[in-house]
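Participant:
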Amino acid sequence: VWLNGELHDGRYGITVAVAVPVTSLCPCSKEMSDYGAHNQRSRITITVRPKEPVFVAELLRVAEEEASCELYGILKRADEKYVTERAYDNPRFVEDLVRGVAARLAADSRFDGFSVEAENFESIHNHNAYARIAQGI
155 VWLNGELHDG
165 RYGITVAVAV
175 PVTSLCPCSK
185 EMSDYGAHNQ
195 RSRITITVRP
205 KEPVFVAELL
215 RVAEEEASCE
225 LYGILKRADE
235 KYVTERAYDN
245 PRFVEDLVRG
255 VAARLAADSR
265 FDGFSVEAEN
275 FESIHNHNAY
285 ARIAQGI
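Each residue of the sequence shown is one higher than the one before, counting from 155 in this note's numbering.
1. Out of V252, R240 and I287, which one is the CA nearest neighbour of V216?
2. Within this structure, are the beta carbons of C223 and R197 separated by less than 8 angstroms?
3. Please state the DSSP three-state secondary structure of S183.
4. Measuring alpha carbon to alpha carbon, tell me which residue in K230, S269 and N244 is nearest H192.
5. Looking at the unbroken beta strand (DSSP E) that takes in D266, where does it start and where does it end?
6. F265 and K205 - do their beta-carbons sit closer together than 8 angstroms?
7. Quick check on I200: buried or exposed, where buried means 16 or more other Cβ atoms within 10 Å of its Cβ?
8. Should S183 be listed as close to the ligand FAD, given that the test is whether its C-beta is under 7 angstroms from any heavy atom?
Here's what the structure looks like:
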C-alpha cells in the first residue's frame with residue numbers, strides 16, 4: 155500500500171496505490187489443451203485519485219475478483235482444488251485483468267482518476283506479460 159500527497163498550485167491531491175498478488179490462467183492454453191491450462195502468479199497494481207475516503211480492502215477485493223483466482227500463501231488439498239477449479243473457470247489474459255479492474259474503477263464516481271497495471275510472472279515463457287490502463291492520472 156502506498157499513499158502519496160501532493161500540493162500543486164495551492165491544491166492538495168492524494169493518490170492511494172495497492173499491489174495485489176493474484177492467479178491468472180491462460181485462456182489460450184485452456185482452449186487448446188485437452189488436459190488443462192497453464193497458470194501463473196500475477197500482480198495487479200491499482201492507483202486511484204479518490205474524491206473521498208476509500209478503504210484499501212475495497213481495492214484489494216476488486217483486484218481479486220477480476221483475477222482468475224485469489225493467491226494464497228498456504229493451502230490444504232481441498233483448498234488447492236478450489237483454487238485450480240476457480241482459476242480454470244475464470245481464465246484471464248494480462249490485458250483482461252487490467253480491463254476488468256479499470257471498468258469497475260471507471261464506473262465508481264469516488265475516483266477522479268486511476269491507473270491499473272498487471273504483470274504475469276509467466277510459468278512457461280521466458281518473459282513476463284504486462285498491461286496498463288490509465289484514466290485521469
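Cβ atoms here follow ideal geometry from the backbone N, Cα and C, with glycine treated the same way.
Facilitator: On the basis of the supplied data:
1. What you label residue 216 is simply residue 62 of the sequence shown in a count that begins at 1. A check of alpha carbon separations from V216 across V252, R240 and I287 identifies V252 as the nearest.
2. Here residue 223 is taken as the residue at index 69 of the sequence shown, counted from 1. Here residue 197 is taken as the residue at index 43 of the sequence shown, counted from 1. Taking a C-beta distance under 8 angstroms as the contact criterion, C223 and R197 do not qualify as a contact pair.
3. The residue you call residue 183 lines up with position 29 of the sequence shown. If DSSP states are grouped into helix, strand and coil, S183 belongs with the helices.
4. Reading the sequence shown from its first residue, position 38 is the one you call residue 192. Among K230, S269 and N244, the Cα nearest to that of H192 is on N244.
5. Against the sequence shown, residue 266 aligns to sequence position 112. Here the beta strand (DSSP E) through D266 covers F265 to F275.
6. The residue given as residue 205 occupies position 51 in the sequence shown. The residue given as residue 265 occupies position 111 in the sequence shown. In this structure, K205 lies near F265, with their beta-carbon atoms less than 8 angstroms apart.
7. Here residue 200 is taken as the residue at index 46 of the sequence shown, counted from 1. Result: buried.
8. Among the components of this structure there are no ligands whatsoever, and the ligand FAD is therefore not found.
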